[in-house]
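Engineer:
There are 2 protein chains.
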Amino acid sequence: MASEIASLTLRALRRVLRATEIGSRQLATATGLTPSQLLVLREIDTRGSATPGTIAQALQFSQATITTIVDRLESLGFVRRQRSQRDKRQFHLSPLPEGKAAIADAPDPLQMTFTDRFVALPPWEQAMILAAVERLATLMDAQNIDAAPLLDSGLIDRSGPA
Amino acid sequence: MASEIASLTLRALRRVLRATEIGSRQLATATGLTPSQLLVLREIDTRGSATPGTIAQALQFSQATITTIVDRLESLGFVRRQRSQRDKRQFHLSPLPEGKAAIADAPDPLQMTFTDRFVALPPWEQAMILAAVERLATLMDAQNIDAAPLLDSGLIDRSGPA
DNA sequence: AAAAATATTTCGAATACCGAAGCATCTGTC
DNA sequence: GACAGATGCTTCGGTATTCGAAATATTTTT
Numbered sequence: 014m015a016s017e018i019a020s021l022t023l024r025a026l027r028r029v030l031r032a033t034e035i036g037s038r039q040l041a042t043a044t045g046l047t048p049s050q051l052l053v054l055r056e057i058d059t060r061g062s063a064t065p066g067t068i069a070q071a072l073q074f075s076q077a078t079i080t081t082i083v084d085r086l087e088s089l090g091f092v093r094r095q096r097s098q099r100d101k102r103q104f105h106l107s108p109l110p111e112g113k114a115a116i117a118d119a120p121d122p123l124q125m126t127f128t129d130r131f132v133a134l135p136p137w138e139q140a141m142i143l144a145a146v147e148r149l150a151t152l153m154d155a156q157n158i159d160a161a162p163l164l165d166s167g168l169i170d171r172s173g174p175a
Numbered sequence: 014m015a016s017e018i019a020s021l022t023l024r025a026l027r028r029v030l031r032a033t034e035i036g037s038r039q040l041a042t043a044t045g046l047t048p049s050q051l052l053v054l055r056e057i058d059t060r061g062s063a064t065p066g067t068i069a070q071a072l073q074f075s076q077a078t079i080t081t082i083v084d085r086l087e088s089l090g091f092v093r094r095q096r097s098q099r100d101k102r103q104f105h106l107s108p109l110p111e112g113k114a115a116i117a118d119a120p121d122p123l124q125m126t127f128t129d130r131f132v133a134l135p136p137w138e139q140a141m142i143l144a145a146v147e148r149l150a151t152l153m154d155a156q157n158i159d160a161a162p163l164l165d166s167g168l169i170d171r172s173g174p175a
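Those sequence lines, one after another, are chains A and B. If you're matching positions, the first sequence starts at 14 in our numbering and goes up one per residue. If you're matching positions, the second sequence starts at 14 in our numbering and goes up one per residue.
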């Protein structure tokens with residue numbers, strides 16, 4: 014009973030998630046990218062520079078998957094692969110202007126309508142929602158430690174069934 | 014500018030989305046299903062019964078895609094296909110006990126840790142977050158009207174922290 | 001120097017996803 | 001009734017995603 018509110022919140026949250034998930038698929042096709050490609054591109058962009066391994070761990074993809082996605086992003090001129098000098102096994106991935114533009118220019122239907130409706134709310138409600146979502150983000154991030162800078166050892170058991 | 018708060022909210026929201034997206038992928042592999050299969054299974058379960066077309070529209074997939082996914086779910090014994098009597102072109106999809114179990118037994122990382130942390134918050138904050146997320150859900154739903162409405166009848170609170 | 005570990009790619013196979021074509025069934029109009 | 005068109009779903013053909021396992025190259029350890 015104490016968790017009744019938690020339950021309601023989760024339910025509402027799932028509605029939000031579902032809506033955005035659909036929106037993200039629409040956005041992806043609008044940019045000519047697949048959702049995964051967009052996800053990877055965004056991750057590279059927010060980090061400024063990263064190795065395939067880091068991205069794979071953060072996004073919970075296999076490295077092989079990252080390779081193919083980056084192949085595509087590279088051929089599109091969205092990101093750049095550079096061999097690391099310090100460790101030549103590694104590659105550094107960094108966003109190119111084209112890639113940054115693809116993210117920025119994307120006509121995100123979610124973002125547009127959301128912003129429109131959001132600014133129509135009274136200021137106090139905007140503030141309340143912001144505070145609440147910030148709080149949520151903190152709760153969520155806490156369980157996805159992978160977002161943390163550099164977590165070393167293999168916390169992730171990928172030995173799932175094929 | 015007035016949209017500053019909207020921008021911050023969107024940013025925080027993206028953090029939430031990313032965390033849950035990753036969580037959902039983990040959950041899917043934990044159940045032995047792909048994310049899409051899990052998505053479809055959940056949608057069928059939530060609605061209790063639905064036609065392929067409805068699911069396709071709600072999830073923004075093509076019907077052809079739903080067919081293959083349902084094929085898989087059916088062969089796994091998770092859902093059942095029944096020809097409609099009223100309209101024999103249609104099929105009714107309904108979850109089987111196996112399918113419900115797959116959803117219920119899945120250790121949803123989002124749900125578990127979220128609930129734990131959430132109930133630790135002071136009641137006023139829980140209430141605030143709930144109100145905010147409800148509001149968000151309304152804003153989001155409004156732009157995805159084509160996604161058929163969820164039946165509210167007999168919503169099962171599977172999230173019961175038993 | 002050999003062995004083990006690490007970072008990434010290549011390869012093979014299952015699956016996802018879709019558009020178009022094909023079937024069966026329903027609906028509207030005569 | 002009967003016929004044309006609409007509707008619901010599946011099948012088919014094709015491209016793209018995703019991953020595990022093996023391969024390659026480089027570092028680190030012994």
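Note that beta-carbon positions come from the ideal geometry of N, C-alpha and C, so glycine has one too.
Given this structure, state the Cα-to-Cα distance separating residue 139 of chain A from residue 32 of chain B, to the nearest angstrom.
Structural biologist: 23 Å
Engineer: Quick check: is the beta carbon of residue 53 of chain A nearer than 8 Å to any beta carbon in chain B?
Structural biologist: For residue 53 of chain A, no Cβ of chain B is located within less than 8 Å of the residue's own Cβ.
Engineer: Taking Cβ-Cβ distances shorter than 7 Å, what residues in chain A pair up with residue 147 of chain B?
Structural biologist: 25
Engineer: Determine, using beta carbons only, whether residue 150 of chain A and residue 54 of chain A come nearer to each other than 8 Å.
Structural biologist: no
Engineer: Please list the residues of the region 65-89 of chain A that have a C-beta atom closer than 9 Å to any C-beta atom in chain B, keeping them in chain order.
Structural biologist: 71, 72, 73 and 74
Engineer: Show which residues of chain B have a CB atom less than 9 Å away from the CB atom of residue 143 of chain A.
Structural biologist: 18, 19, 21, 22, 25 and 145, listed in chain order.
Engineer: Out of A:129, A:102 and A:49, which one is the CA nearest neighbour of residue 75 of chain A?
Structural biologist: With distances taken between CA atoms, residue 75 of chain A lies nearest to A:49 out of A:129, A:102 and A:49.
Engineer: How close, in whole Å, do the beta carbons of residue 25 of chain A and residue 147 of chain B come, if the pair is a contact with beta carbons under 8 Å?
Structural biologist: Indeed, because the Cβ distance is near 5 Å, the residues count as touching under 8 Å.
Engineer: Counting only beta-carbon separations shorter than 8 Å, does residue 47 of chain B have a partner in chain A?
Structural biologist: Interface residue (Cβ-Cβ distance to chain A less than 8 Å): residue 47 of chain B is not classified as such.
Engineer: In whole angstroms, what is the alpha-carbon distance linking residue 16 of chain B and residue 132 of chain A?
Structural biologist: 6 Å
Engineer: Residues of chain A with CB closer than 8 Å to the CB of residue 127 of chain B, please, in chain order.
Structural biologist: 19, 23, 152, 153 and 156
Engineer: My guess is that residue 91 of chain A and residue 23 of chain B are in contact by the Cβ rule of under 8 Å, so how many angstroms apart are they, rounded?
Structural biologist: Contact check for residue 91 of chain A and residue 23 of chain B: beta-carbon distance about 22 Å, past the 8 Å limit, so the pair fails to qualify.
Engineer: In terms of alpha-carbon separation, which member of B:152, B:136 and B:82 lies closest to residue 47 of chain B?
Structural biologist: B:82
Engineer: Closest to residue 100 of chain A by CA distance: which of A:43, A:68 and A:64 is it?
Structural biologist: A:64
Engineer: Compute the distance between the beta-carbons of residue 41 of chain A and residue 51 of chain A, then report whether it is under 8 Å.
Structural biologist: Cβ distance < 8 Å, so residue 41 of chain A and residue 51 of chain A count as in contact.
Engineer: CB residue 21 of chain A to CB residue 143 of chain B, shorter than 8 Å?
Structural biologist: Closer than 8 Å, so yes.
Engineer: What is the C-beta distance between residue 107 of chain A and residue 62 of chain A, in whole angstroms, given that I count them as a contact (C-beta under 8 Å)?
Structural biologist: Correct: roughly 5 Å between the Cβ atoms.
Engineer: I'd like the ranges of any alpha helix (DSSP H) spanning at least 4 consecutive residues and lying wholly in the region 124-156 of chain A.
Structural biologist: 136-156
Engineer: Can you check which of these residues, A:36, A:86, A:89 and A:60, is closest to residue 125 of chain A by C-alpha distance?
Structural biologist: A:36
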